Every structure is written in C-alpha cells, then in structure tokens.
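These notes are about the structure you will find just below.
Residue numbers (my numbering): 161 to 391.
Rendered as structure tokens:
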C-alpha cells in the first residue's frame, strides 16, 4: 500500500481514538506512537517510523482540541451574554439548540427560552444563566433579541436539517450528526452509550474526517486493484 494511504489511515484512526478518550488515554496513545516511531527509526523501518510519527502528531492535535474546548466551555459558562446561531425556530417555552460564542470561544448550547423568538438560520443575542456539563452548555431564563438573518450558508444548513427531519423521521438525529455535524437531536441515552464505548466523536463526524476516510478507502481500493463500480 502506498505511504500516503498508510499515512491517511493512521492519521484518521489516531485522531478518532484520541478524541474519543480522556487525557490519560491520549497520553498513553501518544507515548506508544512516539516509542513506535523511535523503535522503527532505530531498525531502519522508514515507512513504519513515518506513520507512527503521524499518529503521534494526530494525538497532539486531538489533545490541543480537547484542552481548547474545555477551556472555552468554562469561560462561556462564566458569562451572561453570548451571540448564537439558531438552528431551528425558537419561541417562548421552547428548548432550542444553538452554537453560542463570546470572547473568541464557541460551544454547543441548549437554551430554555423565556423571552423573545428567532427563526432557523438567525443570529441572535442570548442573555441568561449558564451551566456547563460534558454535553456543552445549558442556558436557562433565556432572552433572545437583536435577531438578524444570518449568512446563506447557515440558512442552507438549517434548511438541510429540516429536510433531513422530514425524510428520515426517527433516524433523523443520527443523520443530522453525520451529515451536518448537529448532535442536538440525538437522545441523551443514546449519546451516553456512545460515550461509554469511547465512540462519542463518531456521532459528529465532520466533512474533513469523512473526506479523509473516503480518500483512504479509495487509495486502499486502488492498491488492491478493486474496480470502481461493482461487477
């Protein structure tokens, strides 16, 4: 198999494993990857050394992402006002799922709306009381105001989510997570089962990860001389 295929496969696998584990697990995986790289270099296995070093780099990237997300969630929970992108219509009494941002940080958030309203694809100012948990922020006594229509891309994402809901019904939550990286519709019990199995990040596969895996599969198929279409 070509080196680039091995590199893509190992990078994707190491990134997913590291993002799915805790800090101790990431440290263990990174140490093993570095030891493997050193051992392979010592015995002259350049390909093995290269892919092991790539795995170690993926673990470092995942660690940086995890630390940044934790710090941002803590900082956001300490505030009382945020900007948000609304993913579905929200009115008084609704539970809305949004992405909030403030001071350069962003996080998923669940809102319990007390005042105001907004439409899917709007950008709004959110005021309320926030608490943080492993799933993100929960903000209660929410006031929504200063709603403006957002970018075409955000409105298109909201429209795509609504269409997914119509087409896939009870399976829409999983499809939303895998297609538009929206985990808000997944039942907490189902998400907890994935978290217990260390696979929670598989529920929010990004386009980048899908592209990496698709490229890896295409390279693997080419190396095995598989036909592009079923025979």
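Every residue, glycine too, gets a C-beta built ideally from N, C-alpha and C.
Every value quoted in this text rests on a predicted model; they were computed, and no experiment measured them.
Alpha-carbon to alpha-carbon, residue j and residue i
i	j	result
residue 333	residue 198	43 Å
residue 219	residue 228	14 Å
residue 226	residue 186	10 Å
residue 278	residue 200	57 Å
residue 288	residue 178	34 Å
residue 327	residue 335	10 Å
residue 323	residue 314	14 Å
residue 183	residue 223	7 Å
residue 280	residue 342	14 Å
residue 286	residue 292	16 Å
residue 379	residue 205	22 Å
residue 385	residue 247	44 Å
residue 353	residue 250	29 Å
residue 176	residue 312	31 Å
residue 263	residue 221	22 Å
residue 202	residue 331	50 Å
residue 129	residue 387	Residue 129 is absent from the model: the chain starts at 161 and stops at 391.
residue 329	residue 181	31 Å
C-beta contact flag for residue i and residue j at 9 Å
i	j	result
residue 282	residue 241	no
residue 320	residue 299	no
residue 265	residue 304	no
residue 338	residue 302	no
residue 252	residue 276	yes
residue 290	residue 256	no
residue 296	residue 268	yes
residue 284	residue 243	yes
residue 209	residue 376	no
Exposed unless 16 or more other CB atoms sit within 10 angstroms - verdict on residue i
i	result
residue 347	exposed
residue 306	exposed
residue 382	exposed
residue 374	exposed
residue 195	exposed
residue 174	buried
residue 260	buried
residue 349	exposed
Counterpart residues of residue i in DSSP-defined beta bridges
i	result
residue 267	260
residue 298	270 and 291
residue 227	Partner(s): none; residue 227 has no beta bridge.
residue 244	260 and 284
residue 305	285
residue 275	303
Residue i Cβ short of 8 Å to the ligand FAD heavy atom set
i	result
residue 223	The model depicted lacks the ligand FAD and carries no ligand whatsoever.
Exercise. On the three-pair Cβ rule with 8 Å, is the stretch 189 to 205 touching the stretch 230 to 240?
Worked result: no
Exercise. With a cut-off of 8 Å, do at least 3 Cβ pairs link the stretch 167 to 176 to the stretch 203 to 215?
Worked result: yes
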